[in-house]
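**Student:** Shown below is the structure under consideration.
As structure tokens, this is what we get:
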């Protein structure tokens, strides 16, 4: 067994073995940003292990990066750098089967979509859409047997330019193309998004997106708004705004995460 620890101040990730009898920890590896080819873990703030136990992902806050390591169970769980995605550079360019994420020659930036690139992995948005570089949350869901992807994207800074909630529709007949079908910019600092699917008393299926925002100078009193799917317009439209308390007059709700779930068959929504 292993314990992996991210160390923000040390720009490092530590690997420990765990004695299953005593619980004693033994440090077997220290990975430091900028040492021995390690990159993308400056300000290491979070660690996740894949369900198969063969990969470890580290979030580097100061690098604006996510770094992927291969885990070796037979070698005390030590890690080997596999890849990293870092802000400010062409995304996915370190994958062996990478596609070119720049707007293809001769294609107007406003018309670029994932369908212009036939290989995976690919990048959503295109260079003409600034929000495509700053995704902060994503919600994948299905409506009417069709896959959708909602992205909450804005730069995480109080003076950052406005972001957007971008909605993509999956087209399986074209090899998995994700086509941009809606962009909503009413919340400048959009930071979180969650899909909620309900069946009303008449048996009709209803779909909602809950979109939250964090503080920005353009919107010092951010909110969390609920959007309802309009089948006629084929887009999500404003439904109502969440408030902290029924008599809340301020209305400001600085959102970092949203989670929709069910307890006893009833729908619930948690907002951080």
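In our numbering, the protein residues as written are 28 to 299. C-beta: ideal position from N, C-alpha, C; glycine also. Just so you know, these numbers come straight off a predicted model, no measurement behind them.
Going by C-alpha to C-alpha distance, which of 216, 84, 103 and 291 sits closest to residue 238?
**Tutor:** 216
**Student:** Residue 294 by DSSP, collapsed to three states: which one?
**Tutor:** If DSSP states are grouped into helix, strand and coil, residue 294 belongs with the strands.
**Student:** Tell me the DSSP secondary structure of residue 39 in three-state form.
**Tutor:** strand
**Student:** Since residue 211 contacts residue 192 with CB under 8 Å, what's their CB separation in whole angstroms?
**Tutor:** 4 Å
**Student:** So, for residue 99: in the same chain, excluding its five sequence neighbours on each side, which residues have a beta-carbon less than 6 Å away from its beta-carbon?
**Tutor:** 105
**Student:** Beta-carbon separation of residue 268 and residue 285 under 7 Å?
**Tutor:** no
**Student:** Going straight from the alpha carbon of residue 174 to that of residue 54, what length do you get?
**Tutor:** 44 Å
**Student:** Taking residue 178 as the reference, give the member of 228, 219 and 214 with the closest Cα.
**Tutor:** 219
**Student:** Excluding sequence positions up to five away, which residues of its chain have a Cβ less than 8 Å from the Cβ of residue 18?
**Tutor:** Past the edges of the chain, shown from 28 to 299, lies residue 18, and the structure says nothing about it.
**Student:** How is the beta strand (DSSP E) around residue 107 delimited, first residue to last?
**Tutor:** 105-113
**Student:** Mapping DSSP to helix, strand and coil, what is residue 33?
**Tutor:** Three-state result, residue 33: strand.
**Student:** Under three-state DSSP, which class holds residue 102?
**Tutor:** helix
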